[in-house]
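Read in order, the letters of the sequence shown correspond to residues 1 to 761 in the UniProt record's numbering.
Note that CB positions come from ideal geometry on N, CA and C, so glycine has one too.
Every value quoted in this text rests on a predicted model; they were computed, and no experiment measured them.
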Amino acid sequence: MAEDEMEIEPGPPVPPGEPAIPINHTTLAGLLLEWPSIRELTKHHVEREGVRHISEYPISQEQNRGVLIVYGQGEDSHPSRQVREPIDHDNLDVADDLSDMASHSPGACWDQLGGLSPPVLEEHKGGVLVDGNPDFSEPKVWAYVESFKENILNMHPIIQPQLLDYWVRHFLDNLPASQPRSAKPQISKPTFAIGGGSQTEEVVGSKRKRSLGPDGSEPPPPAPSRTGRPDRSIHTALVLTVLALGKLCLHRDNVPDVVHPTEPPYHDSPVIRNGAVPPRANRCSGPEYSSHSHSHSSGLPSPKAEAGENPDNCPSIRGVGASGAGHIPKKNYEVIPGLEYFAYATDILGNHTGAYNMKNVYANIFAGLYHGQLGRPMESFAFIHTASHKLQVIMRPSLDRMRRIKHNNELIQETKYNQLALTFWTCLQLESDLIAEMQLPPSGLLSHEDDMPHPNMSLLEGFDQRILDSYPGQLYLRTHLNSIHRMFYAPEDPAKPGKDKFRNVGVVSDAVSGMDWVAPSFAFREDDPPADDILAARLRAKYWGAQVITYRPFIRQILQFSHSIKNHASCPNFPSVSSEFRQDVTAPVIHPKARTHGDIDPQVVELAKKGIKALIESTRAFHGLGDKRPIITNVFGTAHAQWGNILILSAAFRDPILRTYVDEELLRTLFHKTIQFLRQSATATSALRTDMHILEGLQRDLFSYDPRTNSSFSSGTSAPGYHTPRPVSMAAPPQMPHPTGDQGYPRSRPHYSHMSPFLRQ
Numbered sequence: 001m002a003e004d005e006m007e008i009e010p011g012p013p014v015p016p017g018e019p020a021i022p023i024n025h026t027t028l029a030g031l032l033l034e035w036p037s038i039r040e041l042t043k044h045h046v047e048r049e050g051v052r053h054i055s056e057y058p059i060s061q062e063q064n065r066g067v068l069i070v071y072g073q074g075e076d077s078h079p080s081r082q083v084r085e086p087i088d089h090d091n092l093d094v095a096d097d098l099s100d101m102a103s104h105s106p107g108a109c110w111d112q113l114g115g116l117s118p119p120v121l122e123e124h125k126g127g128v129l130v131d132g133n134p135d136f137s138e139p140k141v142w143a144y145v146e147s148f149k150e151n152i153l154n155m156h157p158i159i160q161p162q163l164l165d166y167w168v169r170h171f172l173d174n175l176p177a178s179q180p181r182s183a184k185p186q187i188s189k190p191t192f193a194i195g196g197g198s199q200t201e202e203v204v205g206s207k208r209k210r211s212l213g214p215d216g217s218e219p220p221p222p223a224p225s226r227t228g229r230p231d232r233s234i235h236t237a238l239v240l241t242v243l244a245l246g247k248l249c250l251h252r253d254n255v256p257d258v259v260h261p262t263e264p265p266y267h268d269s270p271v272i273r274n275g276a277v278p279p280r281a282n283r284c285s286g287p288e289y290s291s292h293s294h295s296h297s298s299g300l301p302s303p304k305a306e307a308g309e310n311p312d313n314c315p316s317i318r319g320v321g322a323s324g325a326g327h328i329p330k331k332n333y334e335v336i337p338g339l340e341y342f343a344y345a346t347d348i349l350g351n352h353t354g355a356y357n358m359k360n361v362y363a364n365i366f367a368g369l370y371h372g373q374l375g376r377p378m379e380s381f382a383f384i385h386t387a388s389h390k391l392q393v394i395m396r397p398s399l400d401r402m403r404r405i406k407h408n409n410e411l412i413q414e415t416k417y418n419q420l421a422l423t424f425w426t427c428l429q430l431e432s433d434l435i436a437e438m439q440l441p442p443s444g445l446l447s448h449e450d451d452m453p454h455p456n457m458s459l460l461e462g463f464d465q466r467i468l469d470s471y472p473g474q475l476y477l478r479t480h481l482n483s484i485h486r487m488f489y490a491p492e493d494p495a496k497p498g499k500d501k502f503r504n505v506g507v508v509s510d511a512v513s514g515m516d517w518v519a520p521s522f523a524f525r526e527d528d529p530p531a532d533d534i535l536a537a538r539l540r541a542k543y544w545g546a547q548v549i550t551y552r553p554f555i556r557q558i559l560q561f562s563h564s565i566k567n568h569a570s571c572p573n574f575p576s577v578s579s580e581f582r583q584d585v586t587a588p589v590i591h592p593k594a595r596t597h598g599d600i601d602p603q604v605v606e607l608a609k610k611g612i613k614a615l616i617e618s619t620r621a622f623h624g625l626g627d628k629r630p631i632i633t634n635v636f637g638t639a640h641a642q643w644g645n646i647l648i649l650s651a652a653f654r655d656p657i658l659r660t661y662v663d664e665e666l667l668r669t670l671f672h673k674t675i676q677f678l679r680q681s682a683t684a685t686s687a688l689r690t691d692m693h694i695l696e697g698l699q700r701d702l703f704s705y706d707p708r709t710n711s712s713f714s715s716g717t718s719a720p721g722y723h724t725p726r727p728v729s730m731a732a733p734p735q736m737p738h739p740t741g742d743q744g745y746p747r748s749r750p751h752y753s754h755m756s757p758f759l760r761q
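Spelled out as structure tokens, the structure:
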């Protein structure tokens, strides 16, 4: 039975449970900027970047940057995004009348209905052929499909390779045929083939000699190739998203940015100083574009000759490097790999908004992953959220059956239920990854985590065993991470009793440290060097990410205590140290009567030491993969989390207790690598660009680092001296020093906060 067919005997309704990640959780890396010790280090950099409200960073910046324009150039230039000095994190909307005043001709940058119009007289631009169609030649299509399998299905094996091949073959076989160019010379204005290719492109003044056959007659025209426009079915949209992702994954350099329209620079703007390109201030005016339309059998929009466009009247939309009066501006699809396929795919998806079938779910997942590769989390979340909603509707009649399989500890035996489980857990992972770093409302799907069995990987065919082994490990770690979010970082709700899973922090750590959750081929020791393949690196990154948020509260306690000693030592009302934990979690804390570093409970120090180890390993989890950009599902979330790790390590490096555990040379290397990763991932308007600038400023402050001379001195040691940093091996972390508890300071008795644990699975 197909997975989106209705149940013969639908089960009773299944009430939703608690969301997998609590709404308004406090794990966000952006909130680290509010820690007093980190605020002291970063305040001037944050203010210089125009971030006024920490609680709204980075989501406000991402929400304001505008959507990717798939047919035109740049990003959506809503007036609220045209003036970014200062950035207002409270206001995302602008009155409609202002919108009308500021925008004369939106089509100038969005492009008109009619498809991917290629530049005149050019064979290829960004994968678009002279007839305005994306390249559907079989060698290209199959190359992108193979890239998709190797880079996406290896992480989320939700479609079996043989089935994908069948779908692509069906897509290719059903493409309408494009006729070859006519050999007859004509002198006319160039036109472009449409749909099935009934029109031909001719070059002005071109003449071509024709070869005659053996009998003196003209040879028959070559057989038409199948490169016309596909139909508007959801099957087409699914294949197009596969091609878009496959092509983009072959691009291993920096995340490609949009084509930013050029305009006179505003030298006083902080946006310019920070390396961002401001949205255009004006739209083009002048003659209307050609409104001629063409109809064709495929139903997809046809390209139009751009005869009505007068670039001289549109100086604000010329592409980068434009010069000369007749320049046609570059479009985003000419510089962003795969966007030519993605543009058509999302056109089709828009016409299938009300459809509920698995191909629709898959296409939305892949569209979300495409935006994820471009570091665009808001757009990525929109597609993932849509996929989750559609899947929830499809699964509704089967939820009771799935829940019984889970609660009876059975293995799924039917392909239908296995596909539903695979897709459920993929949506849950992708949605959770985004919600972990931005306050976004979850879909209803995340309320069924407890009811869903894991997929039976033995039912899948055509996958390498390492793929089948790594996916369940990812699921275990994702549910473990979500449990920690609920245990430590959920807002207090006294009226809601919790079901406990973890009694204390030690049990939380033990749930993963034994490596019982992962196949032997992926098991590792905590002192192993970073992995050199993507599947192992992803597992370790997730593992260390879980350890970071497990132990982070103990680092915060010590940093907060040190800050209080520094600023309030003689104050009679010495501020008490707060914990990131919920009030109902049992964990060691610094005693309220502690007044010196010697009074800190050694267990707090030991747990903070484990947290520093986790921060280091989480930050360098992908450093064994080489210098090229790794293909991961959530570029933004990964880079932003690593930024947060460096902030904490920097504060620890300046702390009198914790600096013992932060090796200076290693911290320098982590700064360099993390800034490099942010540079690979940060486009002009991305919040990752702000992250990068903050780290660059902090690097200068800590080490007086001069990138021109590669020389620096440390401000974190008592006797700084100028020196050239030595290269540090990334193979293994330095040996952790012994905790400061051996220094002979008097200790207070261990103090715990004892309350009922909150967590439930």
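Item, Value
"7 Å Cβ cutoff met for F554 and A608", "yes"
"Through-space distance from L434 to C427, alpha-carbon basis", "11 Å"
"Exposed unless 16 or more other CB atoms sit within 10 angstroms - verdict on L411", "exposed"
"Beta-carbon proximity of R629 to Q547, cut-off 7 Å", "no"
"Cα-Cα separation, G13 to R403", "Strictly speaking, residue 13 in this sequence is Pro, with Gly absent from that position. Rounded to the nearest angstrom, the two C-alpha atoms are 11 Å apart."
"Euclidean distance between Cα positions of F424 and L445", "8 Å"
"Y344 beta carbon less than 7 Å from that of L240", "yes"
"Residues sharing a beta bridge with E62, DSSP", "E62 is not bridged to any residue."
"Backbone secondary structure at L28 - three-state DSSP", "coil"
"Continuous alpha helix (DSSP H) stretch holding V604: start and end", "P602 to T619"
"Spatial neighbours of L399 in its chain, beta-carbon cut-off 6 Å, leaving aside the 5 residues before and after", "V14"
"Reduced DSSP secondary structure (H/G/I, E/B, other) of E75", "strand"
"7 Å CB neighbourhood of L460 in its chain, flanking five on each side removed", "P157, Q160 and L468"
"Of the residues I657, P10, F148 and H485, the one placed nearest D601, counting alpha carbons only", "I657"
"Inter-residue CB distance, Q373 and V635 (contact presumed, cutoff 8 Å)", "6 Å"
"Within 7 Å, strictly: CB atoms of H251 and P139", "no"
"Backbone secondary structure at L238 - three-state DSSP", "helix"
"Same chain, Cβ closer than 7 Å to I484, five either side skipped, listed in chain order", "V508, A546, I549 and T550"
"Test item: CB-CB of L535 and R478 under 7 Å", "no"
"Supposed close pair V141, L243 - CB separation, criterion 8 Å", "6 Å"
"Rounded straight-line distance, which links the Cα of Q560 to that of T596", "12 Å"
"Collapsed DSSP secondary structure at P397 in the structure displayed", "helix"
"Residue span of the alpha helix (DSSP H) that contains I646, given as start and end", "V635 to F653"
"Closest Cα partner of P453 within the set D464, N64 and Y476", "Y476"
"For P134, three-class secondary structure by DSSP", "strand"
"Any alpha helix (DSSP H) of 4 or more consecutive residues that is wholly inside the region 654 to 701", "664 to 681"
"Minimum C-alpha distance to A614 - residue among S650, R552, W35 and T386", "R552"
"Between the CA atoms of L164 and G354 - distance to the nearest angstrom", "24 Å"
"DSSP state of L175 mapped onto helix, strand, coil", "coil"
"Whole-angstrom distance between P397 and A20, CA atom to CA atom", "21 Å"
"Boundaries of the alpha helix (DSSP H) in which residue 765 is found, first to last residue", "Past the boundaries of the shown model lies residue 765; the chain is included only from 1 to 761, so the question cannot be answered."
"Straight-line gap, V604 to K610 (C-alpha atoms, nearest Å)", "10 Å"
"DSSP three-state assignment for residue 817, whether helix, strand or coil", "Since the first residue of the chain shown is 1 and the last is 761, residue 817 is not available in this structure."
"Neighbour-count burial assignment, L420, 16 or more Cβ in a 10 Å radius", "buried"
"Nearest-angstrom beta carbon gap, A537 and L625 [assumed within contact, 8 Å]", "6 Å"
"Where L411 falls: helix, strand or coil (DSSP)", "coil"
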